[in-house]
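Right, one structure below, let's go through it.
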Amino acid sequence: MSDNQNLLAGQRRALILEEVRRRGGVRVSELTRMLGVSDMTVRRDLDLLARQGSLEKVHGGAVPLSERRTHEPGFEAKSSLEPSAKSAIARAAAGLVSPGSAVALSGGTTTFALARELLTVPGLTVVTNSVRVADVFHDAAQESGEGGGGGSARPATVVLTGGVRTPSDALVGPVADAAIGSLHFDVLFLGVHGISVEAGLSTPNLAEAETNRRLIRSARRVVVVADHTKWGTTGLSSFASLDEVDTLVTDAGLRGAEREEVAGHLAELVIADPAEMAAAGDDTPVRRIS
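Shown next as structure tokens:
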């Protein structure tokens with residue numbers, strides 16, 4: 002939108018508000034590209050709009066004023082955010098999975114991307130409380146004729162918990178909790194609403210917080226898959242500290258100081274770079290900071 006460089010300040014702020022409301026949240030970097038103005042200009046606009054009570058500033062961006070710690074965006078709204086970062090994270094995370102493993106995937110758009118990467122890993126047993134994740138494996142099995150020639154890997158065995166469906170298409174509540182509590186898996190891949198040193202892992206949904214706690218207790222290894230925009234965000238309910246996480250897989254948007262802060266609390270930090278991934282083809286470049 003190159004014409005935006007000539008917008009009056011009021012017009013520019015109106016566009017910012019429209020974008021924030023339409024998408025349920027937006028990053029400063031995205032607004033600078035969309036409007037063709039500097040980072041400082043966008044931040045000044047956000048400061049003014051926040052003082053006017055038109056939106057709420059969060060780490061690296063803004064959300065609608067009504068969408069605070071209790072707001073849970075829908076699956077489609079979240080799918081449009083940071084797609085290249087999520088793709089890179091998913092490919093890096095898939096490299097942590099061994100054939101024949103029992104793997105759990107929580108709800109979320111990043112775990113949804115990971116599910117597609119796991120389709121070629123043979124012999125998996127997948128436990129998930131995500132309707133979307135289960136559909137990935139179901140659709141792949143249908144296309145391959147239940148393993149009758151559509152692909153080289155044997156289709157995964159999928160265990161979908163019951164429960165009450167959230168806006169992000171995760172199943173939560175007592176039914177899900179009971180099912181998860183009776184199972185044990187080698188590795189859990191966990192999507193999160195927010196992550197920080199102070200609040201740990203958090204979600205705006207109280208029932209989902211309890212279901213995530215059950216997932217963590219049933220896992221031998223806990224891997225959080227979260228793009229850089231989740232860092233510094235805090236939902237209503239914390240369900241785990243960073244000390245309970247073995248590995249964080251994130252993208253190169255996590256800055257140097259933030260990486261050092263994370264690395265000080267985790268056994269392993271994996272950085273996947275979307276730009277390098279595009280140049281490298283099938284092999285996602287990753288950097289491990291242990």
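Quick note on the numbering used here: the sequence shown kicks off at 2 and runs consecutively.
Cβ atoms here follow ideal geometry from the backbone N, Cα and C, with glycine treated the same way.
Beta-bridge pairing of residue i - partner residues as DSSP gives them
i	result
L16	L16 is not bridged to any residue.
S131	A171
K58	A63
L191	V225
L202	I196 and A241
I90	None; I90 has no bridge partner.
A208	The partner list for A208 (beta bridge, DSSP) is empty, contrary to what the question assumes.
Three-state secondary structure (DSSP) of residue i
i	result
L161	strand
D46	helix
V225	strand
P65	strand
G148	Caution applies to G148, whose pLDDT of 47 falls short of 50 and renders its modelled position unreliable; the value that the coordinates give is listed next. In the structure shown, G148 sits in coil (DSSP, three-state: anything other than H, G, I, E or B).
A116	helix
G11	helix
E259	helix
S3	Only weak support exists for where S3 lies, its pLDDT of 43 falling under 50; the value from the coordinates is given anyway. It is helical.
A141	helix
A180	helix
T230	helix
V250	strand
E269	strand
Span separating the alpha-carbon of residue i from that of residue j
i	j	result
L16	A10	10 angstroms
E261	A268	12 angstroms
N329	G192	Because residue 329 is not part of the residues shown, which for the chain are 2 to 291, the question remains open.
V137	M41	41 angstroms
T111	V21	21 angstroms
N130	S203	17 angstroms
V198	T126	32 angstroms
V246	L56	32 angstroms
A273	A93	6 angstroms
T230	F190	18 angstroms
P205	A220	23 angstroms
H139	G174	23 angstroms
T234	P156	36 angstroms
A141	A135	10 angstroms
A86	D228	6 angstroms
S291	A241	Note that S291 has pLDDT 45, beneath the 50 cutoff, so the model's placement of it is unreliable and no number is given.
G62	V271	24 angstroms
G265	G201	13 angstroms
Contacting residues, own chain, Cβ-Cβ under 8 angstroms from residue i (five flanking each side not counted)
i	result
A95	L115, E118, L119 and V122
T167	E73, G108, V173, N206, A208 and E209
L49	R14
Any C-beta of chain B under 8 angstroms from that of residue i
i	result
V132	Structure shown: chain B not included; a single protein chain is present.
6 angstroms CB neighbourhood of residue i in its chain, flanking five on each side removed
i	result
E259	W232
A51	K58
Cβ-based neighbour list, residue i, same chain, cut-off 7 angstroms, excluding 5 preceding and 5 following
i	result
D170	F76, G108, S131, V132 and R133
V223	L189, L191, I217, E245, V246 and D247
G257	none
A177	N130, T162, G163, G164 and T212
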